[in-house]
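The sequence shown: position 192 = 183 (the numbering used here), numbered continuously.
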Amino acid sequence: FITLSVTAHFMGWLTPEKIEAFVQDTGVLAPMVYVVVASVLVAIWVPRGLLSMVAGALFGIELGAILALVMGATGAMGGYILGRRLGSPYLEERLDEKKGRSREQQIIEFIRFRGFWAILTCRVCPLVPSELISVTSGTTGIGLVRYVSASVLGMAPGAVLYAAFGASILDAESRWLTWASLGGFALLTIITGAFLFTLWKQDHSVGEPILHRQSSPDRG
-8 FITLSVTAHF MGWLTPEKIE AFVQDTGVLA PMVYVVVASV LVAIWVPRGL
42 LSMVAGALFG IELGAILALV MGATGAMGGY ILGRRLGSPY LEERLDEKKG
92 RSREQQIIEF IRFRGFWAIL TCRVCPLVPS ELISVTSGTT GIGLVRYVSA
142 SVLGMAPGAV LYAAFGASIL DAESRWLTWA SLGGFALLTI ITGAFLFTLW
192 KQDHSVGEPI LHRQSSPDRG
């Protein structure tokens, strides 16, 4: 997807004028199609950040951020349902296809033990895979209201930054916005990374794995 987009841009097939004309010609159908297609893609482990950038490039910062948040929330529900219905075997199968399993397992344990606050913080952090959070939340049985509220609140800052970055890519006059959004990503990563590391140290300070402790799925 990224290769095709870059190639199309440099070949002149993908320009701001052509994108704007396409969106205008498509009308209200364009945002609806985007949300449906992107929600399905994010539910099958396509990075939410990439799809949010596409929203910014297609629809601008304001509408792009709103659509990215709607897409993220819808995709998060899809992942939650997958985790709820298919359970831990599905999650284990997905992790078997990925490297860095120990890091992924730490995230899973953290979400299972911390509940609402873990989901909220992991959603904010750009480095944590979105679908891993969704499927893990479904397998742990955390309440739907807690899950949705934590997810929407956590995804909101990233939706704005991703949309801003996507909108600035094809606009030579908005390079400042590119750097501003990158700075925002760095700030979110540092803050949430430090917070997650602190909580992780607290959870492991007693030398007992989180999964072996007594915990409630709705904790948080």
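C-beta: ideal position from N, C-alpha, C; glycine also. Since we're looking at a predicted model, the values are computed, not measured.
Which residues in the same chain have their Cβ closer than 6 Å to the Cβ of residue i, if we skip the five residues on either side of it in sequence?
{"i": "S30", "result": "M62, T65 and G66"}
{"i": "R114", "result": "S142, G145 and M146"}
{"i": "T183", "result": "T112, V115 and C116"}
{"i": "G175", "result": "L152"}
{"i": "G74", "result": "V126, G129 and T130"}
What three-state label does DSSP hand residue i in the structure shown?
{"i": "R35", "result": "In the sequence under discussion, the amino acid at residue 35 is Ile, which differs from the Arg named in the question. It is coil, neither helix nor strand."}
{"i": "L49", "result": "helix"}
{"i": "G91", "result": "Confidence is the limiting factor: at G91 the pLDDT is only 48, short of 50, which leaves the residue's position unreliable and the question unanswerable from this model."}
{"i": "V26", "result": "helix"}
{"i": "G106", "result": "coil"}
{"i": "Q193", "result": "helix"}
Pull up the distance between the alpha-carbon of residue i and that of residue j, whole angstroms please.
{"i": "G91", "j": "V37", "result": "Bear in mind that the predicted position of G91 carries a pLDDT of just 48, short of 50, making it too unreliable to give a figure here."}
{"i": "A56", "j": "L77", "result": "31 Å"}
{"i": "R159", "j": "L135", "result": "Note on residue identity: the sequence assigns Ser, not Arg, to residue 159. Their Cα atoms are separated by approximately 35 Å."}
{"i": "T130", "j": "S165", "result": "42 Å"}
{"i": "T189", "j": "A21", "result": "43 Å"}
{"i": "L168", "j": "I52", "result": "10 Å"}
{"i": "R105", "j": "W170", "result": "34 Å"}
{"i": "V26", "j": "S172", "result": "22 Å"}
{"i": "W108", "j": "V28", "result": "29 Å"}
{"i": "M23", "j": "S121", "result": "22 Å"}
{"i": "I72", "j": "P148", "result": "24 Å"}
{"i": "L32", "j": "L60", "result": "14 Å"}
{"i": "P192", "j": "A185", "result": "Here residue 192 is Lys; the residue named in the question, Pro, does not match the sequence. Between K192 and A185, the C-alpha separation is close to 11 Å."}
{"i": "L118", "j": "L42", "result": "15 Å"}
{"i": "A155", "j": "A177", "result": "14 Å"}
{"i": "I181", "j": "V19", "result": "38 Å"}
Decide if residue i is buried, meaning its Cβ has at least 16 other Cβ atoms within 10 Å, or exposed.
{"i": "G40", "result": "buried"}
{"i": "Q205", "result": "Caution applies to Q205, whose pLDDT of 41 falls short of 50 and renders its modelled position unreliable; the value that the coordinates give is listed next. Exposed: under 16 other Cβ atoms inside 10 Å."}
{"i": "M218", "result": "Nothing can be reported for residue 218: it is not among the residues displayed for the chain, which extend from -8 to 211."}
{"i": "A150", "result": "buried"}
{"i": "I133", "result": "buried"}
{"i": "L187", "result": "buried"}
Could you pull out every residue in the same chain whose Cβ sits closer than 7 Å to the Cβ of residue i, ignoring the five residues on either side in sequence?
{"i": "I110", "result": "I102, I124, S128, Y138, A141, S142 and G145"}
{"i": "G69", "result": "S30 and A34"}
{"i": "L58", "result": "P22, Y25, V26, A46 and F50"}
Once the 5 residues before and after residue i are set aside, which same chain residues still bring their CB inside 8 Å of it?
{"i": "L179", "result": "V115, C116, P117, P148, G149 and L152"}
{"i": "T17", "result": "V24"}
Entirely within the region 112 to 181 and at least 4 residues each: give me those alpha helix (DSSP H) ranges in chain order.
Complete alpha helix (DSSP H) runs here, min 4: 121 to 131 and 135 to 160.
### Runs of alpha helix (DSSP H) lying entirely within the region 53 to 80, each at least 4 residues, in chain order
DSSP runs (the alpha helix (DSSP H)) wholly in the region 53 to 80: none.
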